[in-house]
Every structure is written in C-alpha cells, then in structure tokens.
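Worksheet: the structure to be examined is printed underneath.
Protein chains: 4
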Amino acid sequence: MARIKLGMVGGGNDAFIGGVHRIASRIDDHFELVAGALSSTPEKSRASGEALGLPRVYDDFKSMAIREARLKEGIEAVSIVTPNHVHYKAAREFLKRGIHVICDKPLTSTLADAKKLVKAAESSDALFVLTHNYTGYPMVRQAREMVESGDIGKVRVVQVEYPQDWLTVQQDFKQAEWRTDPARSGAGGSTGDIGTHAYNLACFITGLEAEELAADLQTFVQGRQVDDNAHVMLRFSGGARGMLWSSQVAPGNENALRIRVYGETGGLEWAQEDPNYLWHTPFGEPKRLITRGGPGSGAAAERVSRIPPGHPEGYIEGFANIYSEAAAAIRAHQSGQAADAAVTFPTVGDGLKGVAFVDACVRSSNRNAAWVKL
Amino acid sequence: MARIKLGMVGGGNDAFIGGVHRIASRIDDHFELVAGALSSTPEKSRASGEALGLPRVYDDFKSMAIREARLKEGIEAVSIVTPNHVHYKAAREFLKRGIHVICDKPLTSTLADAKKLVKAAESSDALFVLTHNYTGYPMVRQAREMVESGDIGKVRVVQVEYPQDWLTVQQDFKQAEWRTDPARSGAGGSTGDIGTHAYNLACFITGLEAEELAADLQTFVQGRQVDDNAHVMLRFSGGARGMLWSSQVAPGNENALRIRVYGETGGLEWAQEDPNYLWHTPFGEPKRLITRGGPGSGAAAERVSRIPPGHPEGYIEGFANIYSEAAAAIRAHQSGQAADAAVTFPTVGDGLKGVAFVDACVRSSNRNAAWVKL
Amino acid sequence: MARIKLGMVGGGNDAFIGGVHRIASRIDDHFELVAGALSSTPEKSRASGEALGLPRVYDDFKSMAIREARLKEGIEAVSIVTPNHVHYKAAREFLKRGIHVICDKPLTSTLADAKKLVKAAESSDALFVLTHNYTGYPMVRQAREMVESGDIGKVRVVQVEYPQDWLTVQQDFKQAEWRTDPARSGAGGSTGDIGTHAYNLACFITGLEAEELAADLQTFVQGRQVDDNAHVMLRFSGGARGMLWSSQVAPGNENALRIRVYGETGGLEWAQEDPNYLWHTPFGEPKRLITRGGPGSGAAAERVSRIPPGHPEGYIEGFANIYSEAAAAIRAHQSGQAADAAVTFPTVGDGLKGVAFVDACVRSSNRNAAWVKL
Amino acid sequence: MARIKLGMVGGGNDAFIGGVHRIASRIDDHFELVAGALSSTPEKSRASGEALGLPRVYDDFKSMAIREARLKEGIEAVSIVTPNHVHYKAAREFLKRGIHVICDKPLTSTLADAKKLVKAAESSDALFVLTHNYTGYPMVRQAREMVESGDIGKVRVVQVEYPQDWLTVQQDFKQAEWRTDPARSGAGGSTGDIGTHAYNLACFITGLEAEELAADLQTFVQGRQVDDNAHVMLRFSGGARGMLWSSQVAPGNENALRIRVYGETGGLEWAQEDPNYLWHTPFGEPKRLITRGGPGSGAAAERVSRIPPGHPEGYIEGFANIYSEAAAAIRAHQSGQAADAAVTFPTVGDGLKGVAFVDACVRSSNRNAAWVKL
C-alpha cells in the first residue's frame, strides 16, 4: 500500500512533541511526511523544514492548506502539533479542504474554540483524530477490553493521577513558557496539559463519563498564571466516583500517569512509566500481572502490539498506534468503506470533553471547589 | 527494670487487634499482662482470660479498674482494645484512678465522647497513649525527621490513601459487623476505621493540620450503614493541599496505606506494605531508596529499630514501638522526671483530631462535599 | 501453659544475633529467659546478664549446664548464640544433661565438630533445633508446600543467592572480626555465614539435596582470610540443577537472600527483603502475587502467621516461628507425645548438611572448582 | 540527508526478528528498504517481498548481491536476519561486493564459520554491524559509561542472566523449530540464542573479557537436541568473576535479561524488561534510581535517546539505536571520514567472541564443566 502523504503544522526545531509525531507516523510505515509549516514565523518554518529535508515547506499553515489541497499529489492528512491556541485555526483550514487532521491535545485552548472545532469537523468529510496517545498503549486497550467484558464487574471507584515535577521551580525554556501562558495554553495549567490526558484515560478505560466534578486548583510557584497542581473529585454516570490528581510540582515524578479502577468483582491497575504491565485482581484471588502479549493478554492489546512479551514497547509505540489507527481509518475512508470495527482513536468529541473538563475545573475552583456539571 | 504491669479491656478470643496489642506489649519486654476484662459479657471475658492464662480476670472493665487501683501490685497501665463506642467509658474509669491508658484508635465513636475523653485525660495525672501504630514505623519517623529538617522544603502537596478490599462484598463476621455498625464504630465507616490512620499519618509526617476539608463519601455495598469509600480534599495550615482516599472496596488492596509528600525542594514516598523503604527525591537529583538502618537513615528511625538493614521489620514491630514509647513515658512519669525529648507517641489530642476529621467528613458529605472547618 | 525456662550461651552486649534470639523467644510467649552465660569472659558475661536482669548469670556455659541441670526449676532449653567454633563444645554440655538446644547456624566451624555434634544429639534425649531462621517465614513455608503439592511440577532449576555488601571494605568491628576469622567462623567466609542459609533454603523449599557441587570462591578484600564471594554450581538428586551465589562485597545488597525455583509446570520466586510476597507462575498463565494470608496462601503459611494480609510480618516474626516450633516440639516431648506432624524446624542433620556444603565448597575451590560430592 | 538504501536477507512472513529489523531501520529515518531475498525458497521470498511492497525482490541472496552491486542505485547496506547457519554464507556475498552488512546474532552457527566471517569482513572495505541490540539501550550505555568513568571502582563481580520460559515444553512452531536444531542454530541452544546476548552485555558494560569459563549445560525437555538451560561460571581478565545463567525453561520469565555489576566502590543493576531504569549504589550511600534522561543520566545515554524522561523507550528503540549507529558509521565511511568517536556498535569481533563463548560452553560441559579457555 502506498504511504499516506502527510503534512505537519508546528513541530519546528525546538519543539518536543513534533519529533514524537514524526517518529510515530513513520514507525509502522503508513505515512510519508512531505510538507510542513513548522513554526510561527516563515523564517523558522523554512529553517526547520530544510533541516528535515521536507519536499515542500510553507510560511504558514493557511498557504499550506490552500496549496496542498490543489496539488495532485498533495497531502492527504496533516498533523497539527502547535501550541493549543492554534489548533482550531489551523485544523479548520484543512478540514474545510477535505484534508484529514491528526491533532495534538488538548483540543483547543478555549471551550468556545472547541465547540467551533467540533462543528468544523462535523461539516467536513475529513476525519479528525486527537492524539490522546496514552489510549494507544496495548495494556490500556487490554484494560478497556476487560472492563467492557465485565472482568471487574460494575465500576465503583476510579483513581487516576498524572504527577510530574518539571515545573517545581520557575522554568523559562520554550516548552515551559507557552504551557504556562493562558493565552496559548488555555485557562488550565496542569489540568490542560496533563489532566486532560488523565481524564481521557479514565473515560477510555471505564467507558464512563463524569457528570460533575469539584476541583481545587493551586498555583504553587509564585508568578505562574495557571494551575500547577489540581485536586479533583469526580462523579461518573452510573454512580462511580473518582479522584483525579494532576501536578507539575511533585518531585520524583517524571511522567507518572497512573490509573486504578475498582469494580464490584475486581480491580485493575496500570502505570504509564511501566506500560507493558497490567495488574488484575479478581476479588478473592491473587493479584495477577498481565504482560503485553503474555498469557491473559487479549485481542485488543494484540491488535496494537508489534513484538513478543518481554520485549518492552514504549511511549513511541503507543503513540504510533494512534497514527496506525488513523491510517486504517483514512484508508477505509478513501476506499469508501467502513473501517474495521476494532479501529479505535480519540475523536473531536473526546477532545471537546477534555476541554470541557478543564473548563469545569476552572469554574469549580473559582467557586471554591463547588460541584459543577460537565 | 521491672516490667510494667498491664491490664487489657477487650481483645477476647475472636478479636484481631487484641492479639496484636499483646504481642506488641511483649516484644521489647517492657510490659507483663496480668489482668483483663476481655469481652463484653462476663462469660466470654472469663473464657478468654483463662485461655490466655491471665492471673486476674474480671467480668467487666469497671470492676477491674476499681479493684486493680486498690491492689498493691495492681496494673499500672491498661490497654483498651474494644470497639470504638466503649473507649471513652472504659478509659474514664482507669484515668480517674491514675492508671495509664493505651487505647486503640479511633479515639471514640462520637465527637462528644472524644471531647469528654480529652477532659478526662487532662484532669488525670495518668498518661494517655493512642495506638495510631503507623507512626511507630521507623521509616515514618525518618520521613517526619526529614520534613522537619527541611530536606524537602516547605510542604506543598500531600497525597495519602488507605485502600483495602475486604468489604468489597457484604461480610458478616465479627470484625466486619461492628465496624459497619454506626452505633459501635461511629458515623464514619472507612473514614473512621482507616481514614483516621491516613489523616493522622499525614499530620504526623508533615507537622501540619488540615484547616478545612471537602469530602465525598460513598457506600457502595447495598445495605451498609456507613461509608465504604471516601474521597477527601484537604487544605492544610500554611497553604499545603492534600487528597485523602480511604476505601474498603478496592480489590487488590489489602492494607495499602501510602503517603506521598511533596515540598518546594523534594519529595518523599512511603507505603505501609513495604515499610522498610522510604523514597526520597531531592528535586533535580535521582530518586534515592533509603532503607531502615541503611545509609541516609537517621537518628529518629534508629531509636525505634531493632535489627540491621535488610532484615525487614514489620507491622508488629511498628506497633511495639508505640508500646515502648509508652513504657518510656510511663517510667519517666513514675520516676517524676520528664521523658526523653525524643519519646513520641500519639496523644488524646491527636485522637480528638481524628474524630474531628471523621465528623468533618460526614458533615461535608451531608452538604454535598462543601468545605467545612475542622 | 507455663513458659519454657530458657538459658542463653553467648549474646552479650555487643552481639547482634543474641538480641534477635531473645526477642524471637519472647514474641509468642512460649519462653522465659532465666539464665545465661553470655560472653566468653566471666566479667563480660556477668555485666551482660545484669544488664538484661537475668535471674541467674554464670561465668561460663559449662558451669551453667551443670548447675541448671540440677536445679528443680532449672532451664529446660538453652539458646546457643556464640561464634561458630563454640557451638559444639557448648551444645554437648547441655545435650548430655537432657537440656534442649536451640543453636544458631552454621552448626559448627568444622565438619569434624559437626559430625560429633550429630552424635551428641543422637545420643541425647533432648531436642536440637538449628535456627536457619529463613525457613520460618510464612511464604517460605508456602513455597515448600506448593512444591510438595506438585504446583510447579518436577523441579528442574534452582537459582538461589544471598548477596550482602557490608564487607565490601575491610571492617574491624566485632561482628566482622570473628566472621572473617577461620578459627572461629570456619573455613568458609560468605559460604559459611550466608551460603549455608541459601543452601538450606534451597533444600527446604524443594525437598531436594545436592549430590555434588563445583565452587569458585574468591576473596576480594586484601588480607581477608576467608571467601567474601562464592559462585557455586549445584547438581541435585533427581536431576535438578542449581546456582548459588553468596557475596559480602556486592554494594547495594543489604541482606538480599532470594530464591527462584522452576519446575516442569511452573515457577516460584521469593525474596527475603520483601518476605510477605511469593510469586507463582503456572506455565502459560499470568504471574500471580501470593501474599501472606491472602488468597492462595495455604495452611502451611497460616500456621506460622499472626496477623492478616497487608500487615507485613518481618525477620523477627520468621525467627520467632522457629522458636515457636521448638516450643511445640519441646512441650510434646515433655508430655511424652509426638509433636503435631506439621511442626517443622531445622535439625542437627540439616546443620551437618550445611557444614558439609561449606566443606565441599572449600574442597572444590581448592581443586579449581572441580565437582565434589557432598 | 538521503536515506541509505537497504536490502534484507531473510525476514519473511512468519519470522519475528525480520519485522523488528524493518521497524528499527525506519524509526530514525536513516534507511529505506528497497530490496529483499526474504526467504529460503524463491516462492516464499517473492510472496513476502510483495506483501511488503518492496521495489526489488530476489529469489536468493546471491543473485540479490550480484545485481544490487551493479545497480547504480543499488543497496548500500543489507540486513541479514536468517537462521544462524546462513549468516556467513550470505554476509560473504555482500561484503565482497562492498555492501555494508548489518547481521543478526549470533554471528554464525559454528566457530569455523565465525572465523571465516571475520576474515571476510577484514578483507572487505564494507562495515559489519552485529545486532546485539541490548547494547543499544540508553541505560546500558549509561552503565558502560559509569564503569568506564570509575563510578563503581574496579569490577569484582558480574552476575548476568537471561531466563525465558517459552521452551518449557516442546514447541513446534517455526521460531522454536530452527532454534533447537543444531544444524541451523549451532551447538548451543539457550547459550547460543540468548547466552550470547548475556555474555556480550557483560563484556560491553564492564569492558572486560572472560579468560576462561566452566559450564554445566542441561537439556530438560526430552528429545531436544540443544541445551535449554545453562549454568556458567566466568573468570574475567583482571580478576573479576562472574556467573551467567541462560534458560528457556524458567516459567514466569519472558525475556528477563538482567545484569548486576559490583565493583570496589559501588554497584549497578539493570533489567531489560524495565529498561529505562538503572540502579546505582555508591557503597555507603542510598541506592539511586537513575532514569533515562533524568538526573544522573549522562551523555552516552543522551546520544541514543529520543524523548524526555518518564516516557519509556523500549526494545524497538534500543534496536533502532544499533541501526542509527550503523547509519552514522556508513555515512562517515561514504564521506571518507572517521565516524564520530562516540559511535558504538557490536562488531564482527564481538560476534566471534560470542560464538567462541558458545563453543567454550559446549566444550566445558562435555568435559563435566571443566574450566576451558575462551
């Protein structure tokens, strides 16, 4: 099969996530990166594009969208990996020209933008894929499959957390700078950058959604304009309750996303930093360590695995699974057929829920952590 | 030194914690158990006392208090290990007769009783020791010492949790029965039985107290009269924030008390089920695994250790440390001297705080998790 | 039941293991320490005895044996906790007077002494209990029970290791000094002090014995007279093969005894520093974490447990289990009845095997690690 | 930079390692796979090549070597991923035509072939890269760098092991079949397939080589023609001693390569299944957990890392690092310049050492585990 021609918006020289997207798009050989508008200024964009050896480099995303849409061999999909406040503006240009969008999270920096982006996606024939990449990990798929199969019974309690420590002190480099600027990142700090991942993961695995939440946001580093620590209580549809903790000021935590789900008949526990393991306890039996590809690991995990058990797959592979799912969906779309029912990726709707989560956290916190609806 | 003569109230044949107290009192050879009123009925009390070979067995705690106070070689201290609602009534009888009290937690089943017990203790010359036994673990002492020494800087975030799974389903045996009966256990279920431990541990290690909390209590098992899962947000004096989770319906968790404390310059992490380890991360340096008695383990831990590093001490030893601290305090008291400044044990005041914590959780939860003062 | 009257030989002020024996003898309340010859000189012995408040203190073990045997209320058992070279001489005096012996490991410092001690024990009516204390851990009992029940099929491979790091450099304090003196410790260094534990554990769990071994002993610290690191290959009866590693020069290992046993249908893994866990893998199924007292933990572990799962028992409790087994055997002996079939403790025969193991290691190593019979 | 044009020998539809090589070659975008002779029969080779969409598919490796060497845009490098006995025959054809070879391990199935391959490589201008992929892990590079820098002092003890469980029972699928056939795999079973990895890793990290070894090989599964478990004692140059255990019959071990290195002043521990962690203990200080990219992680690890700490890199990334090092070397070679001094990959000489290791194991075991020189 021919590779899908891919463009990229953002992801210039000094960005972190752009490079991840590029590797992720390449690993399973479904995409070929051929065009880019990689930075917010034409000069930087050109420099970054040349460094990558891209065939076509643009000054800005709009001219890229216009021209690529007209090219016979123009891009079929675009990855948007800019700071959050650009997502909507950029995505809109491609969606309306029928170019599929693979967009980094959170969906947008404001709820208003998120709603507009949903509309833009709905009125486009093109697909919209959001890279809540942690849903790409095989053992996260495994957990979801087990909950769905009733392996732990009706869900009662969800404990999800995403602590980091890199913002324990004031940081001035680029990654820190825009992520703590509400104009670019959105009103949420830790809630937007990592809390949305945690919330998405909880929903993805349990199949539930929060109906209301109470959030106590804090900013511990003086002068910071957004939260760097968030304590959130959640009430899910169906009666399950949850806690969510996101923090960027917890020394000793690099990227410690972790989820624990407890149901009427069992429990599941997973940690991002050791992603090939899933703990499963059927109530009244010993705890079991299910490994990716090992005994007890099922079809949902198998679909997104590459190598045998004991050979750890990591963050990049999980991320790549989102790209491979996107490729499957795009190819089905191009062939006019429905994608395989197993194809799973985060949608614009999931993105809206994430932004609504941040919005609710901020609203709640502003009202002294009162319960607010999502 | 002669052993301190000890009596026991509660702790009959089918109790769990009574046996723990007996071993804990024996391990360092400071106490000799010589009298008991071990059960709520005279028959059971006698049967249990005979099974233990106690020299003096009583029908009830009151007659025991009266008679032992008169004996020349009567008990000098008493352990109260009954269900919670008996603590105050029993403790009062011994306190007013100058017999030192070592009492299980939570202090009482009601806040009113707790306040009365504080008064009873204050008007007595005798000591009152509460067995929040987790404060006896060497690495908990280590953590407290490190926070006090400024090793992690000013505390910002406290994450404490105490999940168990034994009440995932309806249980009818004795331990479960009284613990889920508000008349005997108090208005809190998981909050009272284990949440108080978690809250006490957070305060003990950080030296902070919560000023207000918001609690969302749940009862997942149908027909249960008290909470079996609790989500609590905490605001500490000085600006630190915390989350506390207690649960008895989390399959795969046996007795998984765990605390993480993050300050401006470092983090500490400790888990009860692996108690000889303390993780310490100075921000910007690799995580360090401090072991009981190993390099980096200081004086506070050493005081309450018995054996070299690598030889795990457990729950019983931690519990015994409370007894040994009590012995040191009792002997100092008997000699008319101040106890060594290092002697540390939970007091009736700590007990009151615990009951106030439960009371606040229930009040908050009844008001839809509104913030309430402690 | 009245406590068994216990004496102690060795274990004076500056000893480590004497204190452990004393706590272990006390924890389950089966013994009362009433006499001692605690040191190699009369003065030190008296000072140590007085510090402990012992009713009867002796200048040396022989006078203690003679006098206690004559006393109406004399000791019924004696703990021998001296350096190794004294074990035989001391034990002999008590055995021949019908006083039960609980002796620290290794059995003796020489194979000749070990054989004589076996004879002494055989010709005595008294019991001989060797404190290979790691066999007292509940999850070690569990592992043995599972192997015996066929849960992992016929044993193929045994990997056992016991690394420490305290002798990484030259040490001059008392514990190090006699342990590295062949006249007192025996010809083995790490092999004798900890290798015997590892070998005993392997035999205890698997029910097998080594028929031959090849050992490569090293002494890394200059001037040391005994091995401080040992690599041993083992061939067990029935065809199983094993490796044993003991080391006192492995930085980062405090007391890291660990065993892994693999059979035709499953595997078991246990580590002394985390003793409440046993990993069990039935081939083709997920790994299971069996916890002391938790689901899957059976009768053999339960017999020697005190508290519920999740409440860690440690080294002292495991050690105490040997004492409690000894008490059960002594009481049965005193009553003229057979002890309960479940009563299990290391015997003088096990001790002989341990000394033979050391002897074989030294013989093999002297012949360039040739295979030698045990 | 233009991608290096790559061919592949072996790695057809039902192979495991071929797919790994293909992903590994793609991840950092240095290679483009353009030709292949993917199977031992022309039909299968064609089918596999078409499935992969390869531009040029050949019936056999020889015709591929001949033709590609003549093409103007022919392959510049070839990956050889066949069963072991084909390595030499295939490599020879490409080496002699100046095509760089990236070859799977072990180097060959016989020592004679290995020696011939060394000569072939020496007389060729082309590079030879052996995929002992575990040396590509960042934290393995970190360990090597630390040993070299003297962070643990002079090495004394090396414990390396590589247990698996997939051959616990007789297996008949293709991967098992050729790996247990001495004609294709070589005289070693577990020693050849995984023992060579373990031995290579020990040498890579310590910078040492074994001078002699004593090996006790076993075949536990009836009818199997090669060892499935091996116990090996090692004596390294400079006086360090080691143990190596390889096994394919250890239930509960998926791919549990693990190494521990102890020196005069510290210890290092690393496990392949959790590859982003390296434990470092400076003697007398707490154990430190160094994470890939985290504090304490140095330049050697950084060179081969892609993403920030806390985002686990896995087996594929480690494997890809070998490819990226190969690319750097090839490009330097093509430009006529020396490669950067930091470029590091396993060579044909390392491969010879691996085959010599297997040969020595078999020789030693045949002589009842006598010491043999390497």
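First to last, the protein sequences are chains Z, X, W and V.
Last residue of the first sequence: 523 (my numbering), numbering continuous.
Last residue of the second sequence: 523 (my numbering), numbering continuous.
Last residue of the third sequence: 523 (my numbering), numbering continuous.
Last residue of the fourth sequence: 523 (my numbering), numbering continuous.
Just so it is clear, CB atoms sit at the ideal spot from N, CA and C, and this is done for glycine as well.
> Any idea if Ile465 of chain X is buried or exposed, counting beta-carbon neighbours within 10 angstroms, 16 or more meaning buried?
Replying inline: buried
>> Between which two residues does the beta strand (DSSP E) holding Pro312 of chain V run?
In response: Val304 to Pro312
>> Runs of 3 residues minimum, wholly inside the region 366-404 of chain X: which ones carry the beta strand (DSSP E) assignment?
In response: 378-385 and 390-396
>> Contact criterion: CB-CB distance below 8 Å. Does Glu361 of chain W meet it with respect to chain Z?
In response: no
> Are the beta-carbon atoms belonging to Pro495 of chain Z and His281 of chain Z less than 8 Å from one another?
Replying inline: yes
>> Considering Cα atoms alone, identify which of W:Leu362, W:Ala476 and W:Arg390 is closest to Ile251 of chain W.
In response: W:Ala476
>> At the 8 Å Cβ level, is Gly442 of chain Z part of the contact set with chain W, yes or no?
In response: no
> Do Ala477 of chain X and the ligand MN come close, with the Cβ less than 7 Å from some heavy atom?
Replying inline: This structure lacks the ligand MN; in fact it carries no ligand of any kind.
>> Under 8 Å, Cβ to Cβ, is there at least one residue of chain X near Asn378 of chain Z?
In response: yes
> With 16 as the cutoff for other CB atoms within 10 Å, does Thr529 of chain X come out buried or exposed?
Replying inline: Lying outside 150 to 523, the shown extent of chain X, residue 529 of chain X is not represented and no answer is given.
>> According to DSSP, is Met288 of chain X part of a helix, a strand, or is it coil?
In response: helix
> Are the beta-carbon atoms belonging to His170 of chain V and Arg152 of chain V less than 8 Å from one another?
Replying inline: no
> Is the number of C-beta pairs between the region 329-344 of chain X and the region 370-385 of chain X that are closer than 8 Å three or more?
Replying inline: yes
> What are the boundary residues of the beta strand (DSSP E) that Arg409 of chain X is part of?
Replying inline: Arg407 to Gly412
> So, does the CB of Glu434 of chain X fall closer than 8 Å to a CB anywhere in chain V?
Replying inline: yes
> Applying a beta-carbon distance threshold of less than 8 Å, which residues of chain W neighbour Glu418 of chain V?
Replying inline: Gly401
>> Let me check understanding here. Comparing Cα to Cα, which of Z:Phe385, Z:Lys238, Z:Arg205 and Z:Gly467 lies closest to Glu222 of chain Z?
In response: Z:Arg205
>> Here's the rule: buried if 16 or more other CB atoms are within 10 angstroms of the residue's CB, otherwise exposed. What is Ser272 of chain Z?
In response: exposed
> When the cut-off is 8 Å and only beta carbons count, does Ile224 of chain W lie next to chain Z?
Replying inline: no
> Excluding the five sequence neighbours on either side, which residues of its own chain have a C-beta within less than 6 Å of the C-beta of Arg373 of chain Z, listed in chain order?
Replying inline: Thr329
>> Measuring straight from C-alpha to C-alpha, what distance separates Met213 of chain V and Ala184 of chain V?
In response: 8 Å
>> Pop quiz: Asp508 of chain X and Leu260 of chain X are said to be a contact at Cβ under 8 Å. What is the actual Cβ separation, rounded to whole angstroms?
In response: 5 Å
>> Within 10 Å of its beta-carbon, does Ser386 of chain V have 16 or more other beta-carbons around it, so buried, or fewer, so exposed?
In response: exposed
>> Taking the beta strand (DSSP E) that Trp327 of chain Z belongs to, which residues open and close that run?
In response: Element bounds for Trp327 of chain Z: not the beta strand (DSSP E) but the alpha helix (DSSP H), Lys323 to Arg328.
> Can you tell which of V:Leu187, V:Lys502, V:Ala448 and V:Val304 has the C-alpha that lies nearest to the C-alpha of Val492 of chain V?
Replying inline: V:Ala448
>> Tell me the residue span of the alpha helix (DSSP H) that contains Ala164 of chain V.
In response: Counting along the chain, Ala164 of chain V falls outside any alpha helix (DSSP H), and DSSP gives it neither H nor E.
> Nearest CA to the CA of Gly299 of chain W: which residue from W:Gly412, W:Tyr348 and W:Lys264?
Replying inline: W:Gly412
> Nearest CA to the CA of Asn425 of chain Z: which residue from Z:Val158, Z:Gly443 and Z:Pro435?
Replying inline: Z:Gly443
> Using a beta-carbon distance cut-off of less than 8 Å, what residues from the region 294-308 of chain V approach chain W?
Replying inline: Ile301, Arg305, Val306 and Gln308
>> Please report the straight-line C-alpha distance between Arg455 of chain Z and Asp163 of chain V, rounded to a whole angstrom.
In response: 13 Å
> Mind pulling the chain Z residues with CB within less than 9 Å of Asp321 of chain V?
Replying inline: Neighbours of Asp321 of chain V on chain Z: none; closest Cβ ~17 Å, over 9 Å.
>> Would Lys193 of chain W and Leu501 of chain W be called neighbours here (beta carbons separated by less than 8 Å)?
In response: no
> Should Trp327 of chain V be flagged as near chain W, meaning a C-beta pair shorter than 8 Å?
Replying inline: no
>> Please identify the residue among V:Ala226, V:Ser395 and V:Val235 whose C-alpha is closest to the C-alpha of Trp327 of chain V.
In response: V:Val235
>> Closest to Pro255 of chain V by C-alpha separation, out of V:Val278, V:Phe243 and V:Lys245, would be which residue?
In response: V:Val278
>> Taking CB distances under 8 Å as the criterion, tell me whether Arg407 of chain Z reaches chain W.
In response: no
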